Structures are given as structure tokens and as C-alpha cells.
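Have a look at the structure below, then the notes.
Protein chains in written order, with this note's numbering: chain A, 2 to 115; chain B, 5 to 120.
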């Protein structure tokens, strides 16, 4: 079974600084996809970024980028120039190409200090 | 383009009552997924449906829980004889097709169920 682990329950960053959130996963599949979702206090799940496992190039979306290390099964999220609106719970998620479900980590609560 | 709609946003039930949660997928999406988020935890998969078919219900509790996605109308997650342990946020997501190669699950705002 696939598992997703986020080892940092809480992180904090100063406004305008950079922060990296960690995620590791375990799978025997070769074809899969990885996601970061953001859940602000409104509890809406918002897609931040996605990465295809077959792509070597790391995905980027504006201030958000990932460091995907396939051999190490690591998928970290880097937030540059942090803003107050980035404060939220961040979830790492895995989706096997052969499956139908997203498997989520337990989340990292990010605080942005002014 | 309207997003995934869920209603009600908040639902309060007493123990033993029934809870019905509704989800309307994004326009053009025919695949619906239900997830449950217990307090202080991540989301856990419950069930995956296409129109009129349950594709994967391996995450659904065996008793009291059922789901449907009729040809017309929203997907319904039904919880019979609710207990306090059912108190959670229930999220619905939709996607246009199951292959994730170009696909993503988009989430609704969730329904927060409180069982008294």
C-alpha cells in the first residue's frame, strides 16, 4: 500500500523569506503523480502544484516549486517570498496511475510571521 | 466555470439520525470522489463513483455508509444512524476522467458534520 509521510507537523517562516516543506512517500508503482494541496482556515482544499513521476524536471508555479527526488521518494515544496496569505495547512498527496484515489499525508501547518 | 459544489456546508445531527451530504461536480466532470477528514488528520479516501456506478468503495465503512451518483442530479453520501465518531469534514472532489496523466481532482468546500 502507498503511504505518504510529512514529518513536520508545524513550520514557520518570516514574511518574504523562503520555506521548504518535506514529504516522503512509499510505493512500488512506477507511474504516479504527486500533488501539494493547501487548506487555509476556510478548509477549502486548493491545488498548489502537481508533478508527474516520469518527468525529471521539477514543477514550478509562480512562487511555488518542488524538489522531486524519485530514487529517494522525496517530494518537497519550496515557497519563495512567503506571504501572509500562504499561511495554511499543506498536504502532500500521491495518485497512482493505476488507481483512483489520492493518498494524503498528515499535513504541515505553516505559519507566516509578519 | 463553477467549482465543485457541496451542501450543506454545516450539518448537525443527533445520534441515530441520518445524514445526507450532496456534491455537484464541476461542469464536464463525470468522476466523483469522497474523502473524510477527522479532526487534526489528513483526508482519507472513502469512495469513487462515475455516473450510476460505484467504481471503488474500499475506503467506505462497511455499515451505515452508502454513496450514489445518479444519472441526473448530485452525488449523495448517506450516513445512517450517525454516531459521534462520524463527526468530521466530508470533502467531495471531481475530475473529468480517471487517468491522472493530465488530470487533477478538484475539491469542494466540504461539509462539516457534527453529531450531538
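In this text, a Cβ means the ideal position worked out from N, Cα and C, and glycines have one as well.
Given the structure is predicted, the values throughout are model-derived calculations rather than measurements.
Length of the line joining the Cα atoms of residue i and residue j
i, j, result
"residue 89 of chain B", "residue 36 of chain B", "24 Å"
"residue 28 of chain B", "residue 8 of chain B", "6 Å"
"residue 2 of chain A", "residue 29 of chain A", "8 Å"
"residue 19 of chain B", "residue 67 of chain B", "15 Å"
"residue 31 of chain B", "residue 78 of chain A", "30 Å"
"residue 85 of chain A", "residue 49 of chain A", "16 Å"
"residue 34 of chain B", "residue 91 of chain B", "28 Å"
"residue 106 of chain A", "residue 101 of chain B", "23 Å"
"residue 74 of chain A", "residue 117 of chain B", "35 Å"
"residue 52 of chain A", "residue 60 of chain A", "6 Å"
"residue 96 of chain B", "residue 39 of chain B", "6 Å"
"residue 93 of chain B", "residue 65 of chain B", "16 Å"
Option in the options with minimal Cα separation from residue i
i, options, result
"residue 101 of chain A", "B:68, B:25 and B:63", "B:63"
"residue 61 of chain B", "B:11, B:51 and B:94", "B:51"
"residue 56 of chain B", "B:43, B:49, B:65 and B:77", "B:77"
"residue 47 of chain B", "A:91, A:80 and A:9", "A:91"
"residue 46 of chain A", "B:15, B:98, B:26 and B:87", "B:98"
"residue 69 of chain A", "A:104, A:21, A:9 and A:112", "A:21"
"residue 8 of chain A", "A:115, A:93, A:18 and A:73", "A:93"
"residue 96 of chain A", "A:23, A:35, A:6 and A:14", "A:35"
"residue 88 of chain A", "A:14, A:6, A:5 and A:4", "A:14"
"residue 26 of chain B", "B:107, B:112 and B:6", "B:112"
"residue 113 of chain A", "A:4, A:6 and A:18", "A:18"
Cβ of residue i within 8 Å of any chain B Cβ
i, result
"residue 65 of chain A", "no"
"residue 108 of chain A", "yes"
"residue 105 of chain A", "yes"
"residue 101 of chain A", "yes"
"residue 46 of chain A", "yes"
Beta-carbon spacing of residue i, residue j below 8 Å
i, j, result
"residue 16 of chain A", "residue 110 of chain A", "no"
"residue 115 of chain B", "residue 43 of chain B", "no"
"residue 59 of chain B", "residue 22 of chain B", "no"
"residue 54 of chain A", "residue 26 of chain A", "no"
"residue 80 of chain B", "residue 24 of chain B", "yes"
"residue 54 of chain B", "residue 73 of chain B", "yes"
"residue 64 of chain A", "residue 81 of chain A", "yes"
Any C-beta of chain A under 8 Å from that of residue i
i, result
"residue 42 of chain B", "no"
"residue 94 of chain B", "no"
"residue 47 of chain B", "yes"
"residue 114 of chain B", "yes"
"residue 109 of chain B", "yes"
"residue 63 of chain B", "yes"
"residue 60 of chain B", "yes"
Heavy atom of the ligand NAP within 7 Å of residue i beta-carbon
i, result
"residue 110 of chain B", "In the structure on display, the ligand NAP does not appear, and there are no ligands present to speak of."
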